[in-house]
């Protein structure tokens, strides 16, 4: 067990003596929640609320498809935000499966991107291929991340008061 932690310094641990969350989980969430991020940017733009969405998603259907495909990413955000000592039992049981949820979300997102291109002609071939390549890169980064696997193996426990 000590062998897993030998490459980490004191600054790599949070206040519950768990390794801080891997940056790959945040990268995966940024990719999965890109529709929600664009939506948040448009909400905060007081001059032209719809212009931000229209500049990134020329067809509104593609925007709504991205919101749908990112919905599993919202579950991961919920799990990350509820990951603390004394969390509900369902959070503790679901936490080890977070990587599986991310991979399934990336697969569903890729299928929706492909369907948007193939059946509905909502995007062009280059955009579809770039998004599929990005999804594959994010999935590979998540699967190869030793820190993320360590994060999923541990769950914060309450520390005794000193």
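In full-length UniProt numbering, the protein residues as written are 1 to 162. By construction, the Cβ of each residue, glycine as well, lies at the ideal position given by its N, Cα and C atoms. Quick caveat, the model's predicted, so the values are computed rather than measured.
Query                                                                                                : Result
Stretch pair the region 43 to 61 + the region 71 to 82: three plus CB contacts closer than 8 Å       : no
Secondary structure, alpha helix (DSSP H): runs of 4+ residues fully inside the region 74 to 156     : 89 to 94, 98 to 118, 125 to 144 and 146 to 153
Residue burial classification, residue 39 (beta-carbon count within 10 angstroms, cutoff 16)         : buried
Residues near residue 152 by beta carbon distance below 7 Å, same chain, minus five either side      : 95, 96, 98 and 99
For residue 103 and residue 142, believed in contact at Cβ under 8 Å, the rounded distance           : 7 Å
Nearest-angstrom Cβ-Cβ length linking residue 111 and residue 32, presumed shorter than 8 Å          : Their Cβ separation, rounded to whole angstroms, is 13 Å, which puts residue 111 and residue 32 out of contact at 8 Å.
Presumed contact (8 Å Cβ cut-off) between residue 67 and residue 35, rounded CB distance             : 5 Å
Where residue 69 falls, given that 16 or more other Cβ within 10 Å makes a residue buried            : buried
Through-space distance from residue 127 to residue 37, alpha-carbon basis                            : 18 Å
Identity of the residues DSSP links to residue 31 by a beta bridge                                   : Residue 31 pairs with nothing; no bridge assigned.
DSSP-derived helix/strand/coil call for residue 63                                                   : helix
Per DSSP, the bridge partner or partners of residue 19                                               : 13
Beta-carbon gap between residue 156 and residue 83 smaller than 8 Å                                  : yes
For residue 146 and residue 131, the rounded distance between their alpha carbons                    : 25 Å
Per-residue burial, residue 28 [other beta carbons within 10 Å of its own, 16 or more giving buried] : buried
Alpha-carbon to alpha-carbon, residue 119 and residue 65                                             : 13 Å
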